[in-house]
Every structure is written in structure tokens, then in C-alpha cells.
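Our numbering numbers the first residue of the sequence shown as 3 and each following residue consecutively. To start, the structure under review is shown below, and the notes come after it.
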Amino acid sequence: MKIYIFIILAAATSISLISCDSKQSDTRSASSSEVHRNDDGHDHRESDGDNHSEIENSGKGHEDEIIFTRQQAEAIGLEIYNVVPGSFAQVIRTSGQIQAAQGDEETIVATTNGVVSFPGQNIIEGATVGVGSTIVTISAKNLYEGDPVAKAKIAYETALKEYQRAEGLVKDKIISAKEFEQTRMKYENARTAYEAQAANVTVSGVKVTSPISGYVKNRLVSQGEYVTVGQPVATISKNRRLQLRADVSENYFNELKKIRGANFMVSYNNKVYRLEDLHGRLLSFGKAAAESSFYIPITFEFDNIGDFIPGSYVEVYLLTTPQNNVFSIPVTALTEEQGIYFVYLQIAEEEFVKREVGIGESDGKNVRILSGLKGGERVVVKGAYQVKLASSSSVLPEGHSH
């Protein structure tokens with residue numbers, strides 16, 4: 003009996019376990035089915051994720067783009083330069099000085115002895131004067147030796163009377179022709195001396211005038227100073243033509259014959275000028291270094307357009323042998339960061355990228371590009387700094403699509 007009861011209990015336990023396993027299996031199956039349904043429900047979201055990833059990957063190709071709108075470009079006058087191969091001269095960089103051209107200056111000298119006075123406050127260095135303008139007035143009144151003009155007038159009048167008397171005497175053959183000729187010569191000399199001063203005699207004294215128009219370069223005497231005949235009182239410059247003198251190291255002596263032109267930059271406006279644009283020409287270059295230095299002078303002449311100060315020092319770029327089929331761009335296109343140079347390229351109407359470049363020689367206006375650019379690319383040459391500022395706020399983030 004006990005054996006039957008045990009068998010019945012064992013069978014019941016087995017049935018219970020089988021039922022439990024079946025339920026767990028059903029549960030797992032349902033759970034798996036639910037998971038599958040959930041996966042199916044996310045198919046599109048996973049696909050969206052894949053698309054987003056693709057956008058991110060495509061955005062990486064544009065991660066350095068800089069947005070600079072047409073309105074911004076018009077506001078700053080943005081200018082673009084097309085990179086093409088061309089000719090670029092080798093450069094010798096040195097310093098120099100602007101000087102007045104020979105023949106464009108006149109030294110005004112005193113025509114009589116006396117005390118100098120200037121007409122008003124206008125005769126100062128840099129003042130403009132015209133032909134016949136009074137530079138100084140010289141007066142000999144109250145001087146111990148007397149007034150030279152008054153003396154010249156007396157000498158002239160005396161010589162005139164003697165000449166007129168000699169004319170009658172020579173006709174009557176009272177004096178010889180030789181004596182008459184001597185009297186005539188004395189008269190002519192006295193007349194010339196007097197008329198030379200009489201034309202410029204005023205109440206204040208003898209005025210000394212400028213024979214050319216220009217400006218007062220130097221005032222060599224002071225108000226109230228005593229001067230003698232022939233003493234310089236001022237220098238007047240036409241300032242029409244100027245000279246550029248550059249000092250070249252003797253190391254470049256063999257290159258001097260190859261020099262064909264020059265550019266120069268003045269310190270007071272940081273503008274670079276081309277001698278070619280100023281009708282400039284090479285005058286000469288030294289054949290030896292100066293005794294007190296190791297530099298050889300080279301001199302150019304050019305038109306003065308009114309922007310130059312004679313005597314000022316300049317930075318000079320001497321242009322020698324041309325190099326053909328090379329890339330060069332305006333120096334205004336360059337930006338510099340810790341010794342590395344960059345340019346900004348236009349890749350679309352409102353899109354730009356930053357590009358590192360290797361640079362070579364510069365002639366002040368343009369710089370040779372050794373690496374980083376190729377023909378046909380478009381470089382910002384005016385407004386590069388503004389594009390650089392825009393890059394800090396307009397770089398496109400990863401994942402942005404156009």
C-alpha cells in the first residue's frame with residue numbers, strides 16, 4: 003500500500019514539473035516573440051541612426067568650412083585672386099633713402115651785404131614758393147660801411163656823367179679812342195651793378211627772390227643775421243623728381259648687373275610703391291664699397307607724386323632675375339600664426355577654407371608660394387583677416403549636411 007502511495011506522489015510531482023517547464027518555455031517563447039516585435043518596432047529608428055551616421059561622416063568632409071555671407075563680403079569689399087603660374091623676380095631686400103634729384107634744387111644766395119629779414123612768417127621749411135617769390139630782404143641801412151645800393155647808384159651816376167663827357171671829347175679828338183673805351187667800360191659795369199640791385203630795391207632793402215617754383219627745403223640763415231654777398235640763405239627744391247639710394251651688401255656685388263627695378267615701402271604709411279609705376283629708372287650703381295662701410299650704393303630716379311619726404315628712410319626690394327612658371331600671390335592674402343602662414347580659399351560663393359602655405363621671397367607687393375596652392379584656386383587677398391575672425395564662429399559642426 004505504501005508503495006502505491008509513493009508511486010502516485012512521484013507521478014504527480016513529475017506532472018507538476020513538466021507543466022512548469024512548459025509554462026517557462028511558453029514564457030520564454032512569448033518573451034522572445036515580444037523582443038522580436040520590439041526589434042521590428044525599432045527597425046526604422048535603427049535605420050535613422052544609420053542615416054545620421056552617414057550624415058556625420060559626410061559632415062567631416064566639410065568640418066573646416068567657414069561661412070562668410072555675400073552681405074559680409076560686400077560690406078568689407080572682399081577681393082579674390084585666381085592663382086595662376088607666372089613670372090616672379092628674385093629679390094634683394096635692403097634699406098635706402100629718398101633724396102632730391104640733382105638739378106631740382108636751387109641755392110638762394112645773398113646779392114648784397116646786410117642784415118636779413120624774412121617777409122612775414124611764410125618762409126619756413128616746407129613752405130611753397132613760386133617763381134619770383136621773395137625769400138629774404140637784405141638791408142644795409144645804418145651799417146658802418148654804408149648802403150651798397152646807395153653806393154652802386156652813386157657809382158652809376160658818376161660813371162654816366164664821365165661817359166657822356168667822354169663822348170664829346172672823343173669827337174673833338176681831345177682824348178683817344180682807347181681812353182674813351184675805358185670810360186665806356188667803367189660806365190657799363192657801374193650800370194650793370196646798379197640795375198641788378200635796383201630792380202629788387204624796396205623801402206626795406208634789397209629783396210632776394212626764387213628763380214624756380216617749389217618748396218623751401220632749408221632755411222640757412224636766421225632773422226636779423228648779417229650776410230655777405232654770395233652767402234647761401236636758403237635752398238629751394240622743385241621736388242618734381244626724386245632719387246632712391248639703396249645700400250647693398252658687397253655679398254651681392256655680382257647680382258647688381260642683374261637689377262632691373264625696385265619696390266620700396268615708406269615708414270609713414272606702410273605703402274609699397276613700384277618704381278615702374280613712378281616712371282623710375284636705374285641711374286647707376288657703385289663699383290666698390292664705401293670706405294666706412296661694406297655696402298655698395300645703387301641709385302634710381304623717379305617721379306614725385308607728392309607722397310614722399312626727401313631724406314626719409316625706406317625699405318627697398320631690389321628686383322633681379324625673373325623666375326618663370328611659379329606661383330605668387332599678394333602679401334595681403336597671408337595671415338600668420340606662430341610663424342606659420344595661412345591663406346583662405348573660396349570654395350563656393352559663401353564658403354571658405356583655411357590652408358597652410360609655404361612662402362618664399364617677397365617683393366613687398368607679392369610673395370612667392372612654394373607649397374600649399376595649385377593653379378585655379380581662389381585666394382582671398384582683401385578681407386582675409388575678417389574671414390579669419392569669422393572662422394571662430396562659423397565652422398560647421400560634424401553631422402551638418404548641406
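Where is the CB? At the ideal position from N, CA and C, for every residue including glycine.
DSSP-derived helix/strand/coil call for residue i
i, result
"S135", "coil"
"T160", "helix"
"I176", "coil"
"A264", "strand"
"T71", "coil"
"G88", "strand"
"R242", "coil"
"I125", "coil"
"G362", "strand"
"S393", "helix"
"A201", "coil"
"D149", "coil"
"K384", "strand"
"V235", "strand"
"G282", "coil"
"V223", "coil"
"E107", "strand"
"Y165", "helix"
"A142", "coil"
"G377", "coil"
"A112", "coil"
"G308", "coil"
"A290", "coil"
"F255", "helix"
"G170", "helix"
"K273", "coil"
"K209", "strand"
"K356", "strand"
"T230", "coil"
"F182", "helix"
Assigned exposure category for residue i - 16 Cβ within 10 Å defines buried
i, result
"Q225", "exposed"
"K209", "buried"
"Y315", "exposed"
"A198", "exposed"
"N368", "buried"
"T113", "buried"
"K219", "buried"
"T71", "exposed"
"E190", "exposed"
"G216", "buried"
"N115", "buried"
"G366", "buried"
"S294", "exposed"
"Q340", "exposed"
"G105", "exposed"
"T139", "buried"
"A350", "exposed"
"Q166", "exposed"
"A386", "buried"
CA nearest to the CA of residue i, picked from the options
i, options, result
"A142", "I177, N326, V203, Q325", "V203"
"V151", "Q74, A192, T322", "A192"
"G79", "Q388, S393, Y343, A392", "Q388"
"T96", "I298, P312, N368", "I298"
"E278", "Y343, S286, F287, N265", "N265"
"N135", "L162, V93, P213", "The amino acid occupying residue 135 in the given sequence is Ser; Asn does not appear at that position. Per the Cα distances, P213."
"V235", "L222, R242, I176", "L222"
"K289", "Y254, P312, Y275, T322", "Y254"
"G128", "S239, A350, L171", "S239"
"I342", "S330, G98, K356", "K356"
"L145", "V118, G170, G122", "V118"
"G313", "I300, E252, L244, S286", "L244"
Per DSSP, the bridge partner or partners of residue i
i, result
"E338", "Y343"
"Q99", "R247, Y315"
"Q325", "F90"
"I82", "V382"
Any non-hydrogen atom of the ligand GDP closer than 8 Å to residue i Cβ
i, result
"P324", "In terms of ligand content, the structure shown is empty, and the ligand GDP therefore cannot be addressed."
Check whether the region 226–233 and the region 246–266 touch, using three or more Cβ-Cβ pairs below 8 Å as the test. As far as the Cβ criterion goes, the region 226–233 does not touch the region 246–266, which means the pair count is below three.
Stretch pair the region 179–187 + the region 240–250: three plus CB contacts closer than 8 Å: Cβ pair count under 8 Å is below three, so no.
Determine contact between the region 373–382 and the region 347–361, defined as no fewer than three beta-carbon pairs at a distance below 8 Å. With the cut-off at 8 Å, the region 373–382 and the region 347–361 touch.
Below 8 Å, how does it come out for the region 317–326 and the region 265–280: are there three or more Cβ pairs, yes or no? Output reads yes: the region 265–280 touches the region 317–326.
Using 8 Å as the Cβ pair cut-off and three pairs as the minimum, do the region 270–288 and the region 301–310 touch? Contact between the region 270–288 and the region 301–310 is established, with three or more Cβ pairs separated by less than 8 Å.
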